[in-house]
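Novice: Which chain is which? The protein sequence lines are A and B, in order.
Counting in the UniProt record's numbering, the first sequence runs from 1 upward without gaps.
Counting in the UniProt record's numbering, the second sequence runs from 1 upward without gaps.
All C-beta atoms, glycine included, are put in the ideal place defined by N, C-alpha and C.
As the structure is a prediction and not an experimental result, all values here were calculated from the model.
If you scroll down you'll find the structure; I have some questions about it.
There are 2 protein chains.
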Amino acid sequence: MRIELQEELDLIREMLVSTAEAVRSAIGVATTALLSADRTAAESVITGDVQINDLCWRIEDRVQATTARQAPVATDLRVMFAALHVAADLERMGDLAKHVARTALRAHPEPAVPAELAPLFGQMAGGADRMAAKLIRVLSEPDLARAAELDRDDNVVDRLHRDLLARLLEPGWRYGAEAAIDAALLGRFYERYADHAVNAGRRVTFLVSGAAVVG
Amino acid sequence: MRIELQEELDLIREMLVSTAEAVRSAIGVATTALLSADRTAAESVITGDVQINDLCWRIEDRVQATTARQAPVATDLRVMFAALHVAADLERMGDLAKHVARTALRAHPEPAVPAELAPLFGQMAGGADRMAAKLIRVLSEPDLARAAELDRDDNVVDRLHRDLLARLLEPGWRYGAEAAIDAALLGRFYERYADHAVNAGRRVTFLVSGAAVVG
Numbered sequence: 001m002r003i004e005l006q007e008e009l010d011l012i013r014e015m016l017v018s019t020a021e022a023v024r025s026a027i028g029v030a031t032t033a034l035l036s037a038d039r040t041a042a043e044s045v046i047t048g049d050v051q052i053n054d055l056c057w058r059i060e061d062r063v064q065a066t067t068a069r070q071a072p073v074a075t076d077l078r079v080m081f082a083a084l085h086v087a088a089d090l091e092r093m094g095d096l097a098k099h100v101a102r103t104a105l106r107a108h109p110e111p112a113v114p115a116e117l118a119p120l121f122g123q124m125a126g127g128a129d130r131m132a133a134k135l136i137r138v139l140s141e142p143d144l145a146r147a148a149e150l151d152r153d154d155n156v157v158d159r160l161h162r163d164l165l166a167r168l169l170e171p172g173w174r175y176g177a178e179a180a181i182d183a184a185l186l187g188r189f190y191e192r193y194a195d196h197a198v199n200a201g202r203r204v205t206f207l208v209s210g211a212a213v214v215g
Numbered sequence: 001m002r003i004e005l006q007e008e009l010d011l012i013r014e015m016l017v018s019t020a021e022a023v024r025s026a027i028g029v030a031t032t033a034l035l036s037a038d039r040t041a042a043e044s045v046i047t048g049d050v051q052i053n054d055l056c057w058r059i060e061d062r063v064q065a066t067t068a069r070q071a072p073v074a075t076d077l078r079v080m081f082a083a084l085h086v087a088a089d090l091e092r093m094g095d096l097a098k099h100v101a102r103t104a105l106r107a108h109p110e111p112a113v114p115a116e117l118a119p120l121f122g123q124m125a126g127g128a129d130r131m132a133a134k135l136i137r138v139l140s141e142p143d144l145a146r147a148a149e150l151d152r153d154d155n156v157v158d159r160l161h162r163d164l165l166a167r168l169l170e171p172g173w174r175y176g177a178e179a180a181i182d183a184a185l186l187g188r189f190y191e192r193y194a195d196h197a198v199n200a201g202r203r204v205t206f207l208v209s210g211a212a213v214v215g
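Listed below in structure tokens is the structure:
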């Protein structure tokens, strides 16, 4: 039974890694949709989110079934609970990628953000992608140092987000209120995506270090 | 042991209800802060969010301890998992109330939203408050009909949110990009607060009906 539980834990971990990979891909494709006004890319993210939700649901189901069958205790039980939280963060990250894609689709065939903001969004997206990549690594193999890097990466995304808001409020802003609102909300989607990557990473850290994580 | 588990489940339910009450109060006080440019109210929401986080953390801790000690199965185990999800939704609702309060504080002593938008925000806040009140009732006593009402209430908040965005995009908007961005983000905070109330209500519904809930 001990071996069986370990196999279940490994399987749940693999499911989390696969889902994190899907969620990383989603924000990448959504960014392409946003910066290239690419309708096909936007639609594929929106369609793909159904699959991400399904993956998250299956993780939850598996965690519940394993907990019921194997009655894990101590660390094994904490891993189960952490897996649920990470799945919830991943589901939300998928939603946020979908929100980016929807914004791109609504503006299509026009770009949703003015060309002069594209580099800033490219940087935010790059930060989000790096964080998703680190989350995948941390889920594959818990690593406190790498999980801690997520906090620093998040600070970079937060700073870019503040830079973005400052740009929108410059007296020279000439794209009107709609573009300002879209850009502010898009900025928030990337910033929240990064926050969820941090939360998910902290759950893994928590399993290793035992420190509290509600923030 | 059976009775002991029932007592634990009742205690966890009471903790969820108390936390939902705190989260309902938080959005109410945050709205006062927003619409009356009330600094003390804003600060109390920001301070109070630490307590909400602490309540959520204690629920999670209790769920883990009870699951470890009592190894619940079937419906009892599902109640445990649902409690975790509801606690996470409540924690997020508290955060969103804090975001509203922070926006009010940043604008203080000026109001964060133009007077002409105050009635619309009042309506969104009223919707959010009604939903929080229903969530408290549903948590106290599962009730499929009342949980279903949360979906309808959410549609009302979503409609108000769309009305708000339309107002910000009217050609006659004369408060500039900053006020438009603040109002758009504030609208999103209320809309997300309502979404989390729906999610939490669905978790309770799920326990009664067995239907899937990942959305």
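How would you label A212(A), buried or exposed, when you count the other beta carbons within 10 angstroms and need 16 or more for buried?
Specialist: Against the first sequence, residue 212(A) aligns to sequence position 212. The pLDDT assigned to A212(A) is 45, lower than 50, so where the model puts this residue is not dependable, and the model offers no usable value.
Novice: For a quick check, are the C-beta atoms of A30(B) and V138(B) less than 8 Å apart?
Specialist: Mapped onto the second sequence, residue 30(B) falls at position 30. Mapped onto the second sequence, residue 138(B) falls at position 138. Contact flag unset, no.
Novice: Let me make sure I understand the geometry here. Which of V23(A), T32(A), V86(A) and L9(A) has the alpha-carbon closest to that of T67(A)?
Specialist: Counting from 1 along the first sequence, the entry for residue 67(A) is found at position 67. Checking every option, the nearest Cα to that of T67(A) belongs to L9(A).
Novice: Within its chain, find whatever has a CB closer than 7 Å to the CB of I136(A); leave out the 5 residues flanking it on each side and keep chain order.
Specialist: Walking along the first sequence from the start, residue 136(A) turns up at place 136. V17, A20, E21 and R24, listed in sequence order.
Novice: Taking E91(A) as the reference, give the member of R62(A), L55(A), L105(A) and Q70(A) with the closest Cα.
Specialist: Sequence index remark: in the first sequence, residue 91(A) carries index 91 (1-based). Among R62(A), L55(A), L105(A) and Q70(A), the Cα nearest to that of E91(A) is on L55(A).
Novice: Which of the three DSSP states, helix, strand or coil, is assigned to A112(B)?
Specialist: Mapped onto the second sequence, residue 112(B) falls at position 112. If DSSP states are grouped into helix, strand and coil, A112(B) belongs with coil.
Novice: Quick one: does S18(A) have its CB under 8 Å from some CB of chain B?
Specialist: Along the first sequence, read from residue 1 onward, the residue named residue 18(A) stands at position 18. S18(A) has a beta carbon lying at 8 Å or more from every beta carbon in chain B.
Novice: Have a look at G28(A), M93(A), L150(A) and G201(A) and flag the residue whose alpha-carbon is nearest the alpha-carbon of R188(A).
Specialist: Numbered from its first residue, the first sequence carries residue 188(A) at position 188. Cα-wise, what sits closest to R188(A) is M93(A).
Novice: Could you check the C-alpha separation between A33(B) and L164(B) for me, to the nearest Å?
Specialist: Here the question's residue 33(B) lines up with position 33 in the second sequence. Here the question's residue 164(B) lines up with position 164 in the second sequence. Their backbone Cα atoms lie some 19 Å apart in a straight line.
Novice: Please report the distance separating the alpha-carbon of N199(A) from that of A148(A).
Specialist: The residue you call residue 199(A) lines up with position 199 of the first sequence. The residue you call residue 148(A) lines up with position 148 of the first sequence. The alpha-carbon atoms of N199(A) and A148(A) are separated by roughly 11 Å.
Novice: Give the DSSP-derived three-state secondary structure of R174(B) in the structure shown.
Specialist: Residue numbering aside, residue 174(B) sits at position 174 when the second sequence is read from its first letter. Coil at R174(B), not helix or strand.
Novice: Throw me the rounded Cβ distance for the E178(A) and L11(B) pair, which I believe falls under 8 Å.
Specialist: In the first sequence, residue 178(A) corresponds to position 178, counting from 1. In the second sequence, residue 11(B) corresponds to position 11, counting from 1. Going by Cβ atoms, the distance from E178(A) to L11(B) rounds to 50 Å, so no, they are not a contact pair.
Novice: Please return the same chain residues whose Cβ sits closer than 7 Å to the Cβ of V79(A), not counting the five positions on each side in sequence.
Specialist: Mapped onto the first sequence, residue 79(A) falls at position 79. Only L9 and L207 meet the Cβ criterion.
Novice: Could you tell me how far apart the beta carbons of A104(B) and A115(B) are, in whole angstroms, since I believe they sit closer than 8 Å?
Specialist: By one-based count along the second sequence, residue 104(B) stands at place 104. By one-based count along the second sequence, residue 115(B) stands at place 115. 14 Å between Cβ atoms; not a contact.
Novice: Quick check: what's the CA-CA separation for G215(A) versus R174(B)?
Specialist: Counting from 1 along the first sequence, the entry for residue 215(A) is found at position 215. Counting from 1 along the second sequence, the entry for residue 174(B) is found at position 174. Note that G215(A) scores a pLDDT of 36, beneath 50, so its modelled location is shaky; the value from the coordinates is reported in the next line. One C-alpha to the other measures close to 38 Å.
Novice: For D182(B) and S36(A), I'd like the C-alpha separation in whole angstroms.
Specialist: In the second sequence, residue 182(B) corresponds to position 182, counting from 1. In the first sequence, residue 36(A) corresponds to position 36, counting from 1. The alpha-carbon atoms of D182(B) and S36(A) are separated by roughly 27 Å.
Novice: Against chain B, with Cβ distances strictly below 8 Å, would V198(A) count as a contact?
Specialist: On the first sequence, residue 198(A) is found 198 positions in, with the first residue counted as 1. Output row for V198(A): interface = no.
Novice: DSSP three-state label for A194(B), please.
Specialist: Translated into the one-based positions of the second sequence, residue 194(B) becomes position 194. Helix at A194(B).
Novice: Considering only residues of the same chain and omitting the five flanking positions on each side of I46(B), which have a CB-CB separation below 6 Å?
Specialist: What you label residue 46(B) is simply residue 46 of the second sequence in a count that begins at 1. Same-chain partners within the cutoff: K98 and A101.
Novice: Contact check, A184(A) vs L150(A) under 8 Å by CB: the rounded distance?
Specialist: By one-based count along the first sequence, residue 184(A) stands at place 184. By one-based count along the first sequence, residue 150(A) stands at place 150. With 8 Å as the limit, A184(A) and L150(A) do not qualify as a contact, their Cβ atoms being about 24 Å apart.
Novice: Give me the Cα-Cα distance between A194(B) and I27(B), rounded to the nearest whole angstrom.
Specialist: The residue labelled residue 194(B) in the question sits at position 194 within the second sequence. The residue labelled residue 27(B) in the question sits at position 27 within the second sequence. Rounded to the nearest angstrom, the two C-alpha atoms are 11 Å apart.
Novice: Relative to chain A, which residues along the region 151-170 of chain B have a C-beta separation below 8 Å, given in chain order?
Specialist: Residues passing the 8 Å Cβ filter: L165, L168 and L169.
Novice: Could you please give the first and the last residue of the uninterrupted alpha helix (DSSP H) stretch that includes D143(B)?
Specialist: By 1-based counting over the second sequence, the position of residue 143(B) is 143. Careful: D143(B) lies outside any alpha helix (DSSP H) and carries neither H nor E.
Novice: Give the range of the alpha helix (DSSP H) segment to which V50(A) is assigned.
Specialist: Counted from its first residue, the first sequence places residue 50(A) at position 50. Here the alpha helix (DSSP H) through V50(A) covers R39 to Q70.
Novice: Kindly say whether T67(A), judged by its beta-carbon, lies nearer than 8 Å to any beta-carbon of chain B.
Specialist: Walking along the first sequence from the start, residue 67(A) turns up at place 67. Yes, T67(A) lies at the interface with chain B (some Cβ there is under 8 Å from its Cβ).
Novice: Within 8 Å (strictly less), CB to CB, does V214(A) reach chain B?
Specialist: Residue numbering aside, residue 214(A) sits at position 214 when the first sequence is read from its first letter. Legend: pLDDT at V214(A) = 40, less than 50; position of this residue unreliable, value from coordinates given subsequently. V214(A) counts as touching chain B.
Novice: One question on the structure: do A87(B) and I59(B) come within less than 8 Å of each other, judged by their Cβ atoms?
Specialist: Translated into the one-based positions of the second sequence, residue 87(B) becomes position 87. Translated into the one-based positions of the second sequence, residue 59(B) becomes position 59. Closer than 8 Å, so yes.
Novice: F121(A) CB to nearest chain B CB: under 8 Å?
Specialist: Your numbering for residue 121(A) matches position 121 in the first sequence. No, its Cβ sits nowhere closer than 8 Å to a Cβ of chain B.
Novice: Does DSSP put V73(A) in a helix, a strand or coil?
Specialist: Taking the first residue of the first sequence as 1, we reach residue 73(A) at position 73. DSSP places V73(A) in coil when its eight states are reduced to three.
Novice: For Q64(B), go through chain A and note every residue whose CB falls closer than 8 Å to its CB, in chain order.
Specialist: Counting from one through the second sequence, the residue named residue 64(B) turns up at place 64. Neighbours of Q64(B) across chain A, judged by C-beta separation under 8 Å: L77, R78 and F81.
Novice: Verify whether the separation of the beta carbon atoms of F121(A) and Q64(B) is less than 8 Å.
Specialist: Your numbering for residue 121(A) matches position 121 in the first sequence. Your numbering for residue 64(B) matches position 64 in the second sequence. Against a cut-off of 8 Å, the Cβ pair of Q64(B) and F121(A) comes out as no contact.
Novice: State the Cα-Cα distance for the pair R192(B) and L5(A), rounded to the nearest angstrom.
Specialist: Along the second sequence, one-based indexing puts residue 192(B) at 192. Along the first sequence, one-based indexing puts residue 5(A) at 5. Each residue's Cα considered, the two are about 37 Å apart.
Novice: Going by C-alpha distance, which of A74(A), P171(A) and Y190(A) is nearest R159(A)?
Specialist: Start at 1 with the first residue of the first sequence, and residue 159(A) comes out as number 159. Measuring from the Cα of R159(A), the nearest candidate turns out to be Y190(A).
Novice: What is the rounded straight-line gap between the Cα of D154(A) and the Cα of M131(A)?
Specialist: Translated into the one-based positions of the first sequence, residue 154(A) becomes position 154. Translated into the one-based positions of the first sequence, residue 131(A) becomes position 131. So the alpha carbons of these two residues sit roughly 8 Å apart.
Novice: List the residues of chain A that A184(B) touches, going by C-beta distances under 7 Å, in chain order.
Specialist: For the purposes of this step, residue 184(B) is taken as residue 184 along the second sequence, with counting starting at 1. Within 7 Å Cβ-Cβ: I181, A184 and L185.
Novice: Could you round the C-beta distance between A41(B) and H108(B) to whole angstroms and report it? I think they count as a contact, below 8 Å.
Specialist: Here residue 41(B) refers to the residue found at position 41 when the second sequence is read from its first residue. Here residue 108(B) refers to the residue found at position 108 when the second sequence is read from its first residue. About 10 Å separates the two Cβ atoms, so there is no contact after all.
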